[in-house]
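Taking it in order: structure first as structure tokens, then the write-up.
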Ligand SMILES: [Cu+2]
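Numbering (our numbering), first residue to last: 2 to 501.
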């Protein structure tokens, strides 16, 4: 197994990045010498959902899937060809839909991207060797079969997690939705089928010839000037005058959104990162950091056919941003349809974990130091363990960002946890559910509480601004003692692969 040192990766990054870097700044379109990405008329392109992936085969307990990680060309803007990395040829990749407690085996075949990949199924409690550990790489010409227990009903996503390459690999297209549903959820009268819609929001920069421009502003953040939903710039979604359930995921590298509806209507929030909340809550807008997922219902029956409602982004950093990043997509009410769905007042059993059940508190400070992003002053070290909870231990983690200049959405692998408070105040109403990403804003201290397990072994925690994660805001914890080694327990194997 190849291990990359930080120096190797920086060297490679400098070579690979040279042709991509353009002197862009985070400012309005009139920046010097560059016209920005090619123009796209907002709300002119039709909304689309990612394809759903069918298993190669199934048996009594397991569905087997195959995904080729390849280089391909897509049209992000009609008429312009863009080379991307993809899962099975599409950006975003295909959606996997699973039932809780059926197992998935997903084979990822790295056959043509020319760089190592690792796949993390974000939100799943996978064993360490199937969790997409950043140094557990699938080199070009190799494949790996990941086993997923599907032990949670939630909106998850799978994406690249290769050490020091995550931001580039995800930016180039390696991200997709993964949905697990259980009997409890399917028994609720929520909108289903075609009325249960996933939205992956991302932002990109394109050169005049259509190629992706990777500009992370000196390893700070990548802020795109085109907002895409499921790979389409500012799409227009035609809807019936009825209720829809939306599962929204922020798949951007560095951009946070504050979503709101242009007519001032409220979202009925029903789910957080780890699935349905205890009960729905109405909010006028909500903040969506990178990798966070929220689920909400919009009832379009309140509006006459012909109504157009824009999904807005109220979060424009420092009031200085590209044109058009304040809007995301538009819903056009185009037809009448009956609607037998409803949002029940109780969604699933949910209780707050008492702080008295915590056996210890740990503190993690997320800072910038000498041009690097660090946790408690340290960069990623595969040989260092920063926390060692035992299986079943409830711990409080205090996540602390002492900077007024940037925010960090902190992702903890393996566990689902709850936010206790933020700067001593209660979490926002829409955050009151189980989560695996915790938005730590400027000058914020966020306390989260969760139970560690069920697996033993090493798991990662990191900022989900992937630019920060790559340089080098990532650490790891060890649950219990021993456990499967994430790198050696199920290593990638060279192609050709035997039948699944
Ligand atoms: Cu960060």
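By construction, the Cβ of each residue, glycine as well, lies at the ideal position given by its N, Cα and C atoms.
Exposed unless 16 or more other CB atoms sit within 10 angstroms - verdict on residue i
| i | result |
| --- | --- |
| residue 51 | buried |
| residue 451 | buried |
| residue 126 | buried |
| residue 303 | exposed |
| residue 214 | buried |
| residue 360 | exposed |
| residue 506 | Since the first and last residues shown for the chain are 2 and 501, residue 506 lies out of range. |
| residue 135 | buried |
| residue 233 | buried |
| residue 362 | exposed |
| residue 428 | buried |
| residue 55 | exposed |
| residue 45 | exposed |
| residue 24 | For residue 24, the pLDDT reaches just 34, beneath the cut-off of 50, and the residue's location in the model is therefore unreliable, leaving the point undetermined. |
| residue 8 | Note on residue 8: pLDDT 30, under 50, position unreliable in the model; the coordinate value appears next. Under this definition residue 8 is an exposed residue. |
| residue 145 | buried |
| residue 60 | exposed |
| residue 471 | buried |
| residue 193 | exposed |
Where the alpha helix (DSSP H) containing residue i begins and where it ends
| i | result |
| --- | --- |
| residue 172 | 167-172 |
| residue 360 | Premise fails: residue 360 is in no alpha helix (DSSP H) and is neither H nor E. |
| residue 468 | 467-471 |
Residue i: first and last residue of the uninterrupted beta strand (DSSP E) it sits in
| i | result |
| --- | --- |
| residue 186 | Unbroken run through residue 186 is the alpha helix (DSSP H), 184-187; no beta strand (DSSP E). |
| residue 445 | 445-452 |
| residue 206 | That residue, residue 206, is in no beta strand (DSSP E); it is neither H nor E in DSSP. |
| residue 479 | 475-480 |
| residue 296 | 294-300 |
| residue 103 | Per DSSP, residue 103 belongs to no beta strand (DSSP E) and is neither H nor E. |
| residue 66 | 63-75 |
| residue 351 | Run containing residue 351: none; DSSP gives neither H nor E here. |
| residue 248 | 244-251 |
| residue 462 | 458-464 |
Through-space distance from residue j to residue i, alpha-carbon basis
| i | j | result |
| --- | --- | --- |
| residue 316 | residue 93 | 24 Å |
| residue 235 | residue 207 | 15 Å |
| residue 161 | residue 305 | 42 Å |
| residue 383 | residue 473 | 12 Å |
| residue 344 | residue 272 | 12 Å |
| residue 184 | residue 420 | 27 Å |
| residue 28 | residue 500 | Any answer about residue 28 is weak, because its pLDDT of 38 lies below 50 and its placement is not dependable; what the coordinates show is given next. Approximately 51 Å between the Cα atoms of the pair. |
| residue 492 | residue 204 | 33 Å |
| residue 374 | residue 461 | 16 Å |
| residue 483 | residue 258 | 40 Å |
| residue 355 | residue 156 | 26 Å |
| residue 296 | residue 70 | 28 Å |
| residue 216 | residue 498 | 36 Å |
| residue 342 | residue 244 | 7 Å |
| residue 73 | residue 175 | 12 Å |
| residue 376 | residue 47 | 42 Å |
| residue 222 | residue 475 | 16 Å |
| residue 339 | residue 353 | 37 Å |
| residue 331 | residue 227 | 15 Å |
| residue 413 | residue 58 | 32 Å |
| residue 267 | residue 287 | 10 Å |
| residue 488 | residue 169 | 22 Å |
| residue 334 | residue 113 | 42 Å |
| residue 423 | residue 400 | 9 Å |
| residue 325 | residue 251 | 17 Å |
Own chain, CB closer than 8 Å to residue i, minus 5 neighbours either side, in chain order
| i | result |
| --- | --- |
| residue 63 | 103, 104, 105 and 106 |
| residue 397 | 356, 359, 361, 362, 363, 421, 448, 449 and 450 |
Same chain, Cβ closer than 6 Å to residue i, neighbours up to 5 away in sequence not counted
| i | result |
| --- | --- |
| residue 506 | Coverage of the chain is limited to positions 2 through 501, which leaves residue 506 absent and any answer about it impossible. |
| residue 159 | 120, 122, 177 and 179 |
| residue 18 | The predicted position of residue 18 is uncertain, since its pLDDT is 35 and thus under 50; a value taken from the coordinates is nonetheless stated next. Hits under 6 Å: none found. |
| residue 405 | 443 and 444 |
Any non-hydrogen atom of ligand 1 closer than 8 Å to residue i Cβ
| i | result |
| --- | --- |
| residue 466 | yes |
| residue 381 | no |
| residue 474 | yes |
| residue 109 | no |
| residue 409 | yes |
| residue 136 | no |
| residue 469 | yes |
| residue 367 | yes |
| residue 374 | yes |
Below-9 Å beta-carbon distance, residue i vs any chain B residue
| i | result |
| --- | --- |
| residue 393 | Of the protein chains in this structure there is only one, and it is not chain B. |
Own chain, CB closer than 7 Å to residue i, minus 5 neighbours either side, in chain order
| i | result |
| --- | --- |
| residue 154 | 101, 181, 182, 183, 186 and 276 |
| residue 370 | 378 |
| residue 143 | 111, 493, 494, 495 and 496 |
| residue 481 | 391, 392 and 457 |
| residue 469 | 374 and 409 |
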